[in-house]
Amino acid sequence: MGAGFSLFHKNLSSCYGDRDLTKPGLGDLPESCVALILQNLDPVEICRFSKLNRAFRGASWADFVWESKLPPDYRLILEKILGCFPENLRKRDIFTFLSRVNSFDEGNKKAWVDKRTGGLCLCISAKGLSITGIDDRRYWSHLPNDSCRFSSVAYVQQIWWFQVDGEIDFPFPAGTYSVFFRLHLGKPGKRFGWRVCDTEQVHGWNIKPVRFQLSTEDGQHSSSQCMLTEAGNWSHHHAGDFVVSKSKNSSTKIKFSMTQIDCTHTKGGLCLDSVVVYPSSCKDRLMQV
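Numbered continuously in UniProt numbering, the sequence shown closes out at residue 289.
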């Protein structure tokens, strides 16, 4: 019998490589145990470990694993983006959908969930904002741009009264969020395939500061001001932070603005791409927006 067992073991080894089948391996773990392990990893790591073997692949689809990675009010977020909640979707499918950049509000807004942290991010295009004089082509124009999340940016040639207002009503998960205006001094373009910047019309921004303001429906408010001096590069200007409490389970309405309404001088040569709302812990990722 001993010789027969040795032959049996030898044949199995030829099928499974050099693995000692008398000792347990990762493939012998029950999927339920593997799922408990995966629950403690971030979404990117879960997807990597799902390639190890069949047990990890099966466990990576467990609903309770992905439920812990989704925002608590993911149903409200999906309804806001899609207008309804799709039934019969597994939690991993829901996370995959939310981690992509999803457009809504006629394409003027985009929302996605950060793959690492699960934090909610928003981006509002220039066309989704209220801009004083935007319909007067003597002052403003929409320029196509392929270096932004949206197909065009708002460009002001010259204006006396500069005012941009915006608001959004969205089911933000509990946490602290930061609001930024994405701006560019100078007109970006391309020449012979190279990115160039025309700064000829840039003027007036170094005379008086621009004011940024943020307020929420529950009384939070912040205000700051700064000179715009860096030409030729996209930059993010902080409008303020707001906090969504853990007890809140509905939409949060925020209003924000950017103004320079001192009419003693004109200003111009500025591109406005968008307003971004990021979890404050993810502000270092703004260069990817």
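Think of the CB as a built atom: it goes at the ideal place given N, C-alpha and C, for glycine as much as any other residue. Just so it is clear, the structure is predicted and the values come from calculations on it, not from any experiment.
- Given a length threshold of 3 residues, the UniProt domain "F-box" (23 to 69) has no whole run of the beta strand (DSSP E) inside it.
- For N206, same chain residues with a beta-carbon under 7 Å away, outside a window of 5 residues either side, are M227 and T229 in chain order.
- Short of 6 Å from the beta carbon of A231, and not among the five residues preceding or following it, lie these beta carbons of its own chain, in chain order: L185, G186, T199 and V202.
- Counting only runs of at least 4 residues, the stretch 67 to 107 fully encloses the following alpha helix (DSSP H) elements, listed from N- to C-terminal order: 74 to 82 and 91 to 98.
- Annotated as distal: C148 and S50, with beta-carbon spacing of 8 Å or more.
- Residue T266 holds the alpha-carbon nearest to the alpha-carbon of I159 among E79, T266 and N40.
- Of the other Cβ atoms in all chains shown, 16 or more fall within 10 Å of the Cβ of K127; this residue is therefore buried.
- V44 counts as exposed, since fewer than 16 other beta carbons sit within 10 angstroms of its beta carbon.
- Pairing R211 with T176, the inter-Cα distance amounts to about 22 Å.
- W161 and I261 have their alpha carbons spaced roughly 5 Å apart.
- With three or more CB-CB distances shorter than 8 Å, the stretch 212 to 220 counts as touching the stretch 239 to 258.
- Judged by DSSP in its simplified three-state form, K127 adopts helix.
- Per the coordinates, the alpha-carbon of T216 lies some 31 Å from the alpha-carbon of G269.
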